[in-house]
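Protein chains in written order, with my numbering: chain A, 1223 to 1383; chain B, 1223 to 1383.
Cβ atoms here follow ideal geometry from the backbone N, Cα and C, with glycine treated the same way.
Computed from a prediction, not measured in an experiment: that's the story for all the values here.
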DNA sequence: CCTAGTGGTTGCGTTCTGCAATCACTATAG
DNA sequence: CTATAGTGATTGCAGAACGCAACCACTAGG
């Protein structure tokens, strides 16, 4: 793929600017879905298998995901690279906008709200935890519960009510 | 268009998740391009006229832009709505990511760098200035030069060197 | 009337996308 | 060994989106 321009915004759009890439990343990041089948059946929007396969290849080629070595018929685990983890602010900004200007009432509302309330520090903590589970980084000491723990608690609380 | 899910991230992707919408918004926001011809010929990536026409209609329908009332053959000016102005954090996040992970060397590099250096307060100031020029809001008093003024200065400085 | 400029629209061929069915392979159970 | 379930894809086909060039209807200026 040849870049249409040198603009960094265009560079990001060429990789992430379609109807599925960012949703796959959302599921990897927030749903901890790291296997083909899990991503396929767990997607709220019902992605087709060929589209998922194509997007996974592209995201790996773009250096956003890595594919754990696995032969045919074996579970291949996908992990975020640092570049992939760095897409979190984009996904957050999209979710924040969607929440306020499209009045999405669905899955991620409470988590998004939590992130908005907590500010950039919470986003940074979330990215640290992603580095631990996807890049094998050593956990940083945090006082209080983890970011994902709090996200899931907020989600469960909304479900329970 | 029927939403594929209630997820706010998906809501944003359904409106902005294609190869052109965000680039059109970029040109409206950073290039102050508010007329069809200007957007058509000024686009770095070379958008086709039918695609531009289609995207403008969609963005108006989505409540991101408004079209100034103009009959055929008259200059129709497009303005950002508040929802449109609120896409700035998304575009900033995309540009920031593209700058660091795709090494875009083009047009917006210096502006992006400036925004990154200045932080969220600069983004807020930028959005205030957009409200003045697109929504007719009364300017807020700022000490020092305006955000766009500084962006253009940084851009000119890079060009000059 | 003529010309330049406005915001588009229309054909037409190419590419991308989405859905269902299918594939090659592995692991497990009987 | 055979049967079955599960893995990550691949294939065929139809429809939608896209890209390019030409054209359209209209306005303003001279």
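C-alpha gap between residue i and residue j, whole angstroms
i                       : j                       : result
residue 1372 of chain A : residue 1324 of chain A : 25 angstroms
residue 1310 of chain B : residue 1369 of chain A : 26 angstroms
residue 1201 of chain A : residue 1293 of chain B : Since the first residue of chain A shown is 1223 and the last is 1383, residue 1201 of chain A is not available in this structure.
residue 1379 of chain A : residue 1317 of chain A : 20 angstroms
residue 1236 of chain A : residue 1225 of chain A : 8 angstroms
residue 1348 of chain A : residue 1264 of chain A : 22 angstroms
residue 1286 of chain A : residue 1300 of chain A : 10 angstroms
residue 1356 of chain A : residue 1308 of chain A : 13 angstroms
residue 1338 of chain B : residue 1314 of chain B : 9 angstroms
residue 1367 of chain B : residue 1256 of chain B : 23 angstroms
residue 1281 of chain A : residue 1377 of chain B : 32 angstroms
residue 1241 of chain B : residue 1319 of chain B : 16 angstroms
residue 1253 of chain A : residue 1302 of chain A : 13 angstroms
residue 1375 of chain A : residue 1335 of chain A : 13 angstroms
residue 1239 of chain B : residue 1361 of chain A : 34 angstroms
residue 1288 of chain A : residue 1227 of chain A : 26 angstroms
residue 1232 of chain A : residue 1270 of chain A : 26 angstroms
residue 1248 of chain B : residue 1279 of chain A : 28 angstroms
residue 1277 of chain B : residue 1322 of chain A : 22 angstroms
residue 1243 of chain A : residue 1261 of chain A : 12 angstroms
residue 1312 of chain A : residue 1304 of chain A : 14 angstroms
residue 1266 of chain B : residue 1266 of chain A : 36 angstroms
Sheet register partners of residue i (DSSP bridge)
i                       : result
residue 1300 of chain A : A:1289
DSSP state of residue i mapped onto helix, strand, coil
i                       : result
residue 1257 of chain A : strand
residue 1231 of chain A : helix
residue 1318 of chain A : helix
residue 1383 of chain A : With a pLDDT of 48 at residue 1383 of chain A, under the threshold of 50, the modelled position of this residue cannot be trusted, and the question is left open.
residue 1243 of chain B : helix
residue 1284 of chain A : coil
residue 1271 of chain A : helix
residue 1309 of chain A : coil
residue 1324 of chain B : coil
residue 1226 of chain B : coil
Residue i classed as buried or exposed, judged by whether at least 16 other C-beta atoms fall within 10 angstroms
i                       : result
residue 1333 of chain A : buried
residue 1351 of chain B : buried
residue 1272 of chain A : exposed
residue 1283 of chain B : exposed
residue 1297 of chain A : exposed
residue 1250 of chain B : buried
residue 1359 of chain A : exposed
residue 1363 of chain B : exposed
residue 1383 of chain B : Note that residue 1383 of chain B scores a pLDDT of 49, beneath 50, so its modelled location is shaky; the value from the coordinates is reported in the next line. Per the 10 Å Cβ criterion, exposed.
residue 1343 of chain A : exposed
residue 1230 of chain B : buried
residue 1354 of chain A : exposed
residue 1365 of chain B : exposed
residue 1268 of chain B : exposed
residue 1275 of chain B : exposed
residue 1246 of chain B : buried
residue 1259 of chain B : exposed
residue 1306 of chain B : buried
residue 1234 of chain B : buried
residue 1290 of chain A : exposed
residue 1341 of chain A : exposed
Problem set entry | Inside the stretch 1328 to 1376 of chain A only - alpha helix (DSSP H) runs reaching at least 4 residues | 1331 to 1340 and 1342 to 1357
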